[in-house]
Structure formats: structure tokens, C-alpha cells
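When you read off a place in the sequence shown, starting at 1, and then add 195, the result is the number in our numbering.
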Amino acid sequence: MRRKIWIYAQQQDNRLTAATYQLITHVRTWQQELSVILFEQPQQHLEQQLAGYGVQNVLTYHYQQYLDDVQKATLLAQLVHQYQPDICLFSADDEGRAIAPHVQVLLNVGLTADCVDLKYQDGQLLQYKPSYGDDVICEIIDLRTPQMATVRPGMFIAQRLPNNDAMPNVSDIDTLLLPANHMHLVHEHPLHSQPVDVAQAQRIIAIGRGASDDESVALAKQLAAKLDAVVMTSRPASLLPGFGQAHQIGLTGNTVSPDWLLTLGISGSTQFLAGVKNVHTLVAVNTDAHANILNYADYQFIGDAKQFMQACLTQLG
Numbered sequence: 196m197r198r199k200i201w202i203y204a205q206q207q208d209n210r211l212t213a214a215t216y217q218l219i220t221h222v223r224t225w226q227q228e229l230s231v232i233l234f235e236q237p238q239q240h241l242e243q244q245l246a247g248y249g250v251q252n253v254l255t256y257h258y259q260q261y262l263d264d265v266q267k268a269t270l271l272a273q274l275v276h277q278y279q280p281d282i283c284l285f286s287a288d289d290e291g292r293a294i295a296p297h298v299q300v301l302l303n304v305g306l307t308a309d310c311v312d313l314k315y316q317d318g319q320l321l322q323y324k325p326s327y328g329d330d331v332i333c334e335i336i337d338l339r340t341p342q343m344a345t346v347r348p349g350m351f352i353a354q355r356l357p358n359n360d361a362m363p364n365v366s367d368i369d370t371l372l373l374p375a376n377h378m379h380l381v382h383e384h385p386l387h388s389q390p391v392d393v394a395q396a397q398r399i400i401a402i403g404r405g406a407s408d409d410e411s412v413a414l415a416k417q418l419a420a421k422l423d424a425v426v427m428t429s430r431p432a433s434l435l436p437g438f439g440q441a442h443q444i445g446l447t448g449n450t451v452s453p454d455w456l457l458t459l460g461i462s463g464s465t466q467f468l469a470g471v472k473n474v475h476t477l478v479a480v481n482t483d484a485h486a487n488i489l490n491y492a493d494y495q496f497i498g499d500a501k502q503f504m505q506a507c508l509t510q511l512g
């Protein structure tokens, strides 16, 4: 008997998020009954964006006014009681991290947050997340139903099924009891995204502790401008002026999948490498010939990062 797996669809700017498609693509390989839960306004029709992704069912709840996180969680809990899914999954972005714990409490079940991988085996959800200072990956199995987890964006690759534009079965939900809204929406002002989302960049220069002096940072920014790349960091270098967690690669930062990644003075810790997925070309620069990052690099340069960048800038003119 196939198990019922739910994915909560998250949206931004009237589009389903990339993380939602990533989760769908990964979970559909388990060959179970896959449903997407969608909260939308009547004019949005976001379910049409799921064509060709292998989703069997979409449960849609239409709302007229702003829903806060507590309302969404309460509605989800009602749906779970009504339909009895076996597994409920969320993307670990701002919305998922806000809603999932509320649902967990309402259902009195477990929740594994910020997973870096999921597997399905013998009818159970195997959840993987970092622990012990991000140096160990733990396998977690919660026997309570539904099994719940949030998954970090960027851990899987989103991909439509080839030669398949099939639409899922769409069911409108109108039997839920909408809880009172404790917030009153006075005015809505969209926040426009930055021109480049660093985590989605296809060309990345990543600086680490070994290239964190002022001159190295300045050279990295010059080289990035020449190569149409963005500058990101390891966890230690994220504390440098002008950087932060939004620029960090790793378990506690972003997961990236660029066409090419140039690392400067980064040793290659487990924490950093967990944030590097499906990189086409990795170039590593390090003064330590035994640095772990070199084991993963397509091209290596053993030497000073400043000299390397200065030589690159000279060649680029």
C-alpha cells in the first residue's frame, strides 16, 4: 500500500518557490502518493505551475484576506486530521520554519528541522541533519504519524518529468474552520529582491579564513566584477565587514550549485562542503597542499590567494 506524502507549497512573487520544486522532484522518486498543499488567493491558480512535476494531487485552500502563520498552521492541522497523511514536508525557509513547529505542536508529533537529506525506506522517512557543531550527520526516524521535517533549500535539483505535462488532480478545500486572525493588515508593500540572489549565482568566488585580510577581500571583489561572479564566504569569513549569513556557504548558511566555484583559503570542512552541491567546476586555491578541499577540486593551485588573484586580474586586463 502506497503511503501518503504531503508537501506544503511555498510561494513568492506569485510563483512557487524553487525549494518546493526541489522537494517534489526528490520525493516523487519514492513512488508513493504525492500531494501538494496549496494556500492561495482565488485569482492566483498556482496549481497550474505544477504540471509535469509528477504530483498526483493538489489540495487547495482559497483565502480572501491575509493569513498569518498561526492561521496557516491551524488549517494544516485540520487537513491532517481530515486526510491522515503519513508524511508532511516543508522547505526550511522563513515560512516553513515558522509554520511547521506550530503544526507539530497542534498534532503532538515530532519534527526534524533543517534536514540536509531525506530517504524513504521500508515505509519510514529517514531524516538527516547535522549535529555536534555541524561535524556529524545524524539519521533520525520518528515513528509517530505524520512524520514531519523541514528541508534546507538547495539540497535537491528541481526537474520536470520529460515529455510530460500532466496536471495533478486538484481539490478545493472549503470545509475548514478558519481561526481568528490576530493581525490586521493595514498596508501591503512588496519588498523587491536584490538583482542577484547570491545563493542562486552560477559563478561564485568563496573566501575563507586564509584569504580574509583586507587586500584579499578587495582582490576577490575586483575579480568577481571581472568575471560576473558573486563573492561568498566560509563560516569564519562570514563575520568580515560587509558579509553575513546571507553570503555564507555551508550547513548553517546557503547551499549552492554554481557552474563554477573558486575557493580561496578555504580548508574544506564538513560544514562547508555540505553547502556545495552539483558544482560543475571547482577550483581550489590553498597554501596547504593537504587541505581537504583539494580532494574535491577539479583544478588546484597550491600557493598564496593574493598572488593567484593578481595573476588572474593581469590576464583579464
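C-beta atoms are modelled at their ideal positions from N, C-alpha and C, and glycine is treated no differently.
Computed from a predicted structure; not experimentally measured.
query, result
"Proximity of I368 and T255 at Cβ, strictly below 9 Å", "yes"
"Proximity below 9 Å, CB of Q319 to CB of C310", "no"
"Touching by the beta-carbon criterion (3+ pairs, under 8 Å), the stretch 491-506 and the stretch 441-452", "no"
"Reduced DSSP category for D264 - H, G, I as helix; E, B as strand; rest coil", "helix"
"Three-state secondary structure (DSSP) of K421", "helix"
"Residues of its chain near L508, where Cβ-Cβ distance is below 8 Å and the 5 sequence neighbours each way are ignored", "L414, Q417, L418, K421"
"Closest Cα partner of G460 within the set H475, G439, H485", "H485"
"P341 versus A308: straight-line alpha-carbon distance, rounded", "15 Å"
"Contact check, A396 vs V451, beta carbons under 9 Å", "yes"
"Simplified DSSP state of T224, which is helix, strand or coil", "helix"
"Euclidean distance between Cα positions of E410 and A214", "36 Å"
"Own chain, CB closer than 6 Å to H221, minus 5 neighbours either side, in chain order", "F351"
"Nearest-angstrom Cα separation, counted from L302 out to R355", "33 Å"
"Residue environment, G448, which counts as buried when at least 16 other CB atoms sit within 10 Å", "buried"
"Contact set for Q389: own chain, Cβ-Cβ below 7 Å, skip 5 residues either direction", "Residue confidence for Q389 is low, a pLDDT of 47 falling below 50, so the modelled location carries little weight; the figure read from the coordinates is stated next. Within the same chain, Q389 has no close Cβ partners at all."
"I294 versus Q495: straight-line alpha-carbon distance, rounded", "44 Å"
"Exposure label - S286; buried when at least 16 CB within 10 Å", "buried"
"Same chain only: Cβ atoms within 8 Å of L380, ignoring 5 sequence neighbours per side", "Q260, Y261"
"Assigned secondary structure, V276 (DSSP; H/G/I helix, E/B strand, else coil)", "In the sequence as presented, Val is not what sits at residue 276; that position holds His. Helix."
"Run of the beta strand (DSSP E) containing V253, from where it starts to where it stops", "252-257"
"Span of the beta strand (DSSP E), counted from its first residue to its last, around L321", "319-326"
"Of the residues N358, R347, T370, L371, the one placed nearest Q217, counting alpha carbons only", "R347"
"For A344 and T428, the rounded distance between their alpha carbons", "28 Å"
"Reference Y315; option with closest CA among K199, T465, H384", "K199"
"Supposed contact pair L274 and Q244 - C-beta distance, whole angstroms, cut 8 Å", "Not a contact, Cβ separation roughly 21 Å."
"Option in Y491, S462, D312, G470 with minimal Cα separation from T476", "Y491"
"Limits of the unbroken beta strand (DSSP E) element including V480", "476-481"
"C-alpha gap between E290 and Q205, whole angstroms", "7 Å"
"Exposed unless 16 or more other CB atoms sit within 10 angstroms - verdict on C283", "buried"
"Supposed close pair A246, D423 - CB separation, criterion 8 Å", "That belief does not hold up - the Cβ atoms of A246 and D423 are roughly 33 Å apart, past 8 Å."
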